[in-house]
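S.K.: In the numbering used here, the protein residues as written are 35 to 161. Each residue gets a CB set at the ideal place from its N, CA and C atoms; glycine is no exception. A single structure is presented below for examination.
Listed below in structure tokens is the structure:
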């Protein structure tokens, strides 16, 4: 396993499999396959390949238990979220955190509770 490149982001398929690992904590190929959304059927070998790729990229690790490999996340969900936001801030918003914040506040999914939490976080930063 290599150490994760701090600039590397996951593909959609890789992220979907990492979400399952973050939720399960650890799991075999079969456990991950069973936990993936049923609306997109996948072959066992496809899931095994994606988990191996995640391990090669340094996002997951594995341990042989009996005849199975148990995979577990090496990069935590909050660490990956932070990495992704930094990348979006840098690449999409060219480092303009205000522009990113404006987009977050103006997003349709931003409800009163989310806005209150943002205000609270900003207040904490000012103190």
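Name the DSSP beta bridge partners of residue 106, please?
M.R.: One-based indexing of the chain shown puts residue 106 at position 72. Answer is 95.
S.K.: For residue 61, list the residues DSSP reports as bridge partners.
M.R.: The residue labelled residue 61 in the question sits at position 27 within the chain shown. Per the DSSP secondary-structure output, residue 61 pairs in a beta bridge with 105.
S.K.: Going by beta-carbon coordinates alone, are residue 94 and residue 103 separated by less than 7 Å?
M.R.: Here residue 94 refers to the residue found at position 60 when the chain shown is read from its first residue. Here residue 103 refers to the residue found at position 69 when the chain shown is read from its first residue. The answer is no: Cβ separation not under 7 Å.
S.K.: For the alpha helix (DSSP H) that residue 160 lies in, which residues bound it at each end?
M.R.: Translated into the one-based positions of the chain shown, residue 160 becomes position 126. Looking at the DSSP string, the run of the alpha helix (DSSP H) that includes residue 160 is 146-160.
S.K.: To the nearest angstrom, how far is the alpha carbon of residue 159 from that of residue 112?
M.R.: Translated into the one-based positions of the chain shown, residue 159 becomes position 125. Translated into the one-based positions of the chain shown, residue 112 becomes position 78. Their Cα atoms are separated by approximately 19 Å.
S.K.: Which residues bound the alpha helix (DSSP H) around residue 119?
M.R.: As a first step, residue 119 must be located in the chain shown, where it is residue number 85. Note, residue 119: alpha helix (DSSP H), 111-125.
S.K.: Which residues mark the beginning and the end of the alpha helix (DSSP H) in which residue 132 is found?
M.R.: Start at 1 with the first residue of the chain shown, and residue 132 comes out as number 98. Here the alpha helix (DSSP H) through residue 132 covers 131-140.
S.K.: Is residue 43 helix, strand or coil by DSSP?
M.R.: Numbered from 1 along the chain shown, position 9 holds the residue referred to as residue 43. Coil at residue 43, not helix or strand.
S.K.: Please classify residue 71 as buried or exposed, where buried requires at least 16 other C-beta atoms within 10 Å of its C-beta.
M.R.: Residue mapping note: residue 71 aligns to position 37 of the chain shown, counting from 1. Label assigned to residue 71: exposed.
S.K.: Can you find the residues in the same chain that come closer than 7 Å, C-beta to C-beta, to residue 82, ignoring five residues on each side of it along the sequence?
M.R.: Taking the first residue of the chain shown as position 1, residue 82 is located at position 48. Excluding positions up to five away in sequence, the list reads 63.
S.K.: In its own chain, which residues sit with a C-beta less than 8 Å from the C-beta of residue 105, not counting the 5 before and 5 after it?
M.R.: For the purposes of this step, residue 105 is identified with residue 71 of the chain shown, where counting begins at 1. For residue 105, where only same-chain residues beyond five positions count, the Cβ hits under 8 Å are 55, 60, 61, 62, 63, 66, 85, 88, 89, 94, 95 and 96.
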